[in-house]
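Comments concern the structure below.
In my numbering, the protein residues as written are 1105 to 1150.
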């Protein structure tokens, strides 16, 4: 569910972003958020 939601969010944000730099920043933010949530769920780092 996390990966599907992240993929849909990424598609929506990248569709709305105009410049390549904005697309890169948005993609990085979504990927970082998914990795933090995944790490928290897996091992409870926080």
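We put the beta carbon where it would ideally sit given N, CA and C, even for glycine.
If you check the CB distance, residue 1130 and residue 1117 come in under 8 Å.
Pairing residue 1141 with residue 1127, the inter-Cα distance amounts to about 21 Å. Counting along the chain, the unbroken alpha helix (DSSP H) around residue 1127 starts and ends at 1124 to 1147. Cβ neighbours of residue 1134 within its own chain (closer than 8 Å, five residues either side excluded): 1110, 1113, 1114, 1117.
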